[in-house]
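In our numbering, the protein residues as written are 980 to 1052.
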């Protein structure tokens, strides 16, 4: 699973990190750090909860094989 981070939408609510602090890394002001997040196997549930908790919808979950590198373009 991959989480696509849309930094422009992040408003620093930090709800994602409250759900899964080991997955969602924030800067000193509470905004998510740039870059998509590769979710380790077994961490899908807290990652999903964290992404869905974002009121700004700045985090998008994807499970497509191409997006996570299981198949080549």
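The beta-carbon is built from N, C-alpha and C at its ideal position, and this holds for glycine as well.
Residue i burial status per 10 Å Cβ neighbour count (16 or more: buried)
{"i": "residue 1030", "result": "buried"}
{"i": "residue 1038", "result": "buried"}
{"i": "residue 998", "result": "buried"}
{"i": "residue 1026", "result": "buried"}
Cα-Cα separation, residue i to residue j
{"i": "residue 983", "j": "residue 1020", "result": "17 Å"}
{"i": "residue 996", "j": "residue 980", "result": "17 Å"}
Beta bridge counterpart(s) of residue i as assigned by DSSP
{"i": "residue 984", "result": "1038"}
{"i": "residue 1005", "result": "1011"}
{"i": "residue 1023", "result": "Its beta-bridge partners do not exist; DSSP assigns none."}
Residue i versus the options, residue with shortest Cα-Cα distance
{"i": "residue 1007", "options": "993, 1026, 1034, 987", "result": "993"}
{"i": "residue 987", "options": "1028, 1032, 1012, 1016", "result": "1012"}
{"i": "residue 1042", "options": "1016, 1036, 1035, 1034", "result": "1016"}
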